[in-house]
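Numbering of the sequence shown is given in the working numbering, commencing with residue 899 and proceeding in unit increments.
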Amino acid sequence: METTVTVAPIGVKVDDLRKNFGAQEVLREVSLAVEPGEIYVLMGPSGSGKSVLLRHVIGLEKADGGKVLIGGEDAFDPTTHQRVRTAMVFQAGALLNSLSVYDNLALYPREHRLYPEDQIREKVERVMRALSIEGSEKKIPAELSGGMKKRVAVARAIIMEPQLLLYDEPTSELDPILAATTSELIATIARETGATSLVVTHDRELALAIGDHVGLLMEGRLVFQGTARELRESADPAVREFLNPAINPDQPRFRQKENPS
Ligand SMILES: Nc1ncnc2c1ncn2[C@@H]1O[C@H](COP(=O)(O)OP(=O)(O)OP(=O)(O)O)[C@@H](O)[C@H]1O
Ligand SMILES: [Mg+2]
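Here it is as structure tokens:
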């Protein structure tokens, strides 16, 4: 797939991160490390704090304790994001409805004067072809299906040529086929651009398919961190409960497989 230029990947370090909203402790001393160039998938049930954690990485939230570093620099410092190019695919897309799909995609390179207009057009067209959304450039986001909006949001992120790509629930609201295509796309983008990817999801299939490392967040605590294989093999009750029935060996379909009668 032709996506975009190769970039210098950047690591993320979350150290004892704490965040409260009023009396609610949303993140409780979360520590994790995303290696430069890898795909890290952070899973967890609804309300466990995944989006709040991502918002700290992009610099939209200030920590109540601990720190978040991208490329060794404070993620809450706006100048960090001037040096490190970070793009986020928001859970709800966050596309501008006052602009056409084309103008949504061209917005960042235009505002930052990255390229002259004819090169921006070339890049927008290339990314639209890569994501199979060509032909929608004149529509506004409200006129697109949920799946297309997701792909436009991904296109808008990769056109920024980011060193760090953050995805919030990239496969939610997609049918299983489109969800699988999107997972492949995330892996392809990571491989071809070299960008570091941090993906937040409750989609277990996605995590196990593309995650180099996987973390599991439960009620604001990171209860597991390791490779996808280690996750699958983990005996930790919290992990088993979250993954059940996908990997629980006590499930009948696994017993049948082991002891065919
Ligand atoms: N700005 C805010 N003010 C108050 N509470 C908030 C705010 N943002 C998030 N929360 C609370 O923090 C908790 C974690 O929210 P978060 O959006 O991170 O969950 P999530 O893991 O992303 O869930 P989902 O999978 O449903 O997207 C929730 O209880 C939510 O209500
Ligand atoms: Mg969320």
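Where is the CB? At the ideal position from N, CA and C, for every residue including glycine.
- Using a cutoff of 8 angstroms, the CB of Asp-1101 does not count as near ligand 1, since none of the ligand's heavy atoms is closer than that.
- Boundaries of the alpha helix (DSSP H) harbouring Asp-1001: 999–1009, taken from the DSSP string.
- Between Lys-917 and Asp-975, the gap from beta carbon to beta carbon reaches 9 angstroms or more.
- Within its own chain, the residues whose Cβ lies closer than 7 angstroms to the Cβ of Ile-908, once the five positions on either side in sequence are excluded, are Pro-934, Ile-968, Gly-969, Val-982, Gln-1061, Leu-1062, Thr-1094, listed in chain order.
- Cβ-Cβ distances below 6 angstroms link Leu-1129 to Val-1112 in the same chain, with the five nearest sequence neighbours on each side left out; the list follows chain order.
- Residue environment: His-1010 is assigned as exposed (fewer than 16 neighbouring CB atoms within 10 Å of its CB, all protein chains considered).
- Separation of Pro-1068 and Thr-1080 (C-alpha to C-alpha, rounded to the nearest whole angstrom) is 7 angstroms.
- Assignment of Val-982 by DSSP, reduced to helix, strand and coil, places it in the coil class.
- Three or more beta-carbon pairs separated by less than 8 angstroms are not found between the stretch 1003–1020 and the stretch 938–948, which leaves the two stretches without contact.
- Between Leu-993 and Arg-1089, the C-beta spacing is not below 9 angstroms.
- In this structure, ligand 1 has a non-hydrogen atom nearer than 8 angstroms to the beta-carbon of Phe-919.
- Under the three-state reduction of DSSP, Ser-929 is assigned to strand.
- Cα atoms of Val-1097 and Arg-926: separation of roughly 20 angstroms, rounded to the nearest angstrom.
- Shortest gap from the CB of Lys-948 to any heavy atom of ligand 2: under 8 angstroms.
- Under the three-state reduction of DSSP output, Val-905 falls in the coil class, being neither helix nor strand.
- About 39 angstroms separates the Cβ atoms of Lys-965 and Tyr-1000, ruling out a contact at the 8 angstroms cut-off.
- Rounded to the nearest whole angstrom, the CA to CA distance from Gly-1045 to Leu-1114 is 26 angstroms.
- Within the chosen limit of 8 angstroms, ligand 1 does not reach the beta carbon of Gly-963 with any heavy atom.
- With contacts defined by Cβ atoms closer than 9 angstroms, Leu-915 and Leu-1064 do not form a contacting pair.
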